[in-house]
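Quick look at the structure:
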């Protein structure tokens with residue numbers, strides 16, 4: 001018995017340690033995801049600006065780029081700070097959820113409100129991590145499902161904010177899903193490859209059909225890659241379920257926004273969050289949903 005198997009058995013026999021540790025890890029990862037969600041779009045924008053300057057042969061023209069504050073921005077620097085007063089966050093002020101409660105949701109320096117989104121994402125990450133380990137246990141599929149869950153949280157929030165699904169997150173997860181299929185972690189290689197191709201092409205066809213009929217683009221190419229990602233992880237058989245679980249709530253949400261006057265018909269709505277939620281549900285409970293449907297329909 002190797003060390004990994006021994007640790008797995010210990011965790012399986014100590015559920016309090018397993019689930020408590022999972023939630024603690026989820027809180028820490030959630031704090032990191034807040035950084036990714038906030039900074040990655042700015043880093044990407046900076047890279048695009050640099051590429052545009054190079055294409056336009058104005059590499060030395062700093063005025064065309066606007067503010068230079070993202071020139072050295074990475075996921076690790078500059079350190080976390082208050083967006084209002086610039087106060088650098090001290091370690092005790094950066095404890096997930098707890099620091100927000102101790103500070104009563106305000107900066108310790110300028111007393112400006114801290115966004116509720118930070119502790120919400122931390123708590124959500126902890127909760128979803130707990131559900132994943134509850135479902136899969138301390139296993140290789142469980143560990144891989146955690147990685148996918150964390151990536152999906154970042155993708156969903158970034159897309160909701162910017163209507164972008166960064167390739168920096170989507171493509172590594174897609175290739176990781178294909179790699180896992182070599183060991184049949186979730187599905188076999190043939191199912192994963194067919195799933196990835198089918199996932200991409202299905203939304204690609206819908207996109208071009210919609211554009212042909214309306215002259216408008218109904219979704220972004222990042223959505224194609226996200227559905228391909230799910231096809232690689234959990235197979236082509238999951239794609240109809242994911243599309244059903246994402247399109248119906250997405251359509252209802254869009255209609256509700258239009259009826260309430262909070263959104264105009266011409267204003268695009270990010271589809272990525274709905275895909276991410278639907279894909280995660282299929283990852284965790286897809287078999288249960290399918291079995292329940294077959295029983296209710298009398299097919300099984």
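Numbering (our numbering), first residue to last: 1 to 300. Note that beta-carbon positions come from the ideal geometry of N, C-alpha and C, so glycine has one too.
Item	Value
Tell me whether residue 294 sits in a helix, a strand or coil according to DSSP, three-state version.	helix
Does the beta carbon of residue 113 come closer than 8 angstroms to any beta carbon on chain C?	The structure shown contains no chain C; it holds only a single protein chain.
Is the region 219–236 touching the region 198–211 in the sense that three or more CB pairs, one from each, lie closer than 8 angstroms?	yes
Counting only runs of 4+ residues fully inside the region 182–230, write out the alpha helix (DSSP H) ranges in chain order.	189–214
Relative to the C-alpha of residue 110, which candidate in 96, 87, 132 and 214 has its C-alpha closest?	87
Assign residue 6 to one of two classes, buried (16 or more other C-beta atoms within 10 Å of its C-beta) or exposed (fewer than that).	exposed
Given residue 133, which residues of its chain have a CB within under 6 angstroms of its CB, disregarding the five upstream and five downstream residues?	22 and 142
So, for residue 238: in the same chain, excluding its five sequence neighbours on each side, which residues have a beta-carbon less than 6 angstroms away from its beta-carbon?	282 and 286
Alpha carbon to alpha carbon, how far is residue 147 from residue 251?	29 angstroms
Pull up the DSSP beta-bridge partners for residue 88, would you.	81
Is residue 106 helix, strand or coil when you go by DSSP?	strand
Could you pull out every residue in the same chain whose Cβ sits closer than 8 angstroms to the Cβ of residue 179, ignoring the five residues on either side in sequence?	none
Based on the DSSP output, what are the partners of residue 113 in its beta bridges?	106
Quick one: what's got a C-beta closer than 8 angstroms to residue 187's C-beta in the same chain, skipping five residues either side?	181, 195, 233, 234 and 235
For residue 65, which residues in the same chain have their Cβ closer than 6 angstroms to its Cβ, ignoring the five residues on either side in sequence?	Reliability fails at residue 65, whose pLDDT of 47 lies under 50, so the model's placement of it is uncertain and the value that follows must be treated cautiously. Correct list, in chain order: 49.
Where does residue 245 land, buried or exposed, given buried means 16+ other C-beta within 10 angstroms?	buried
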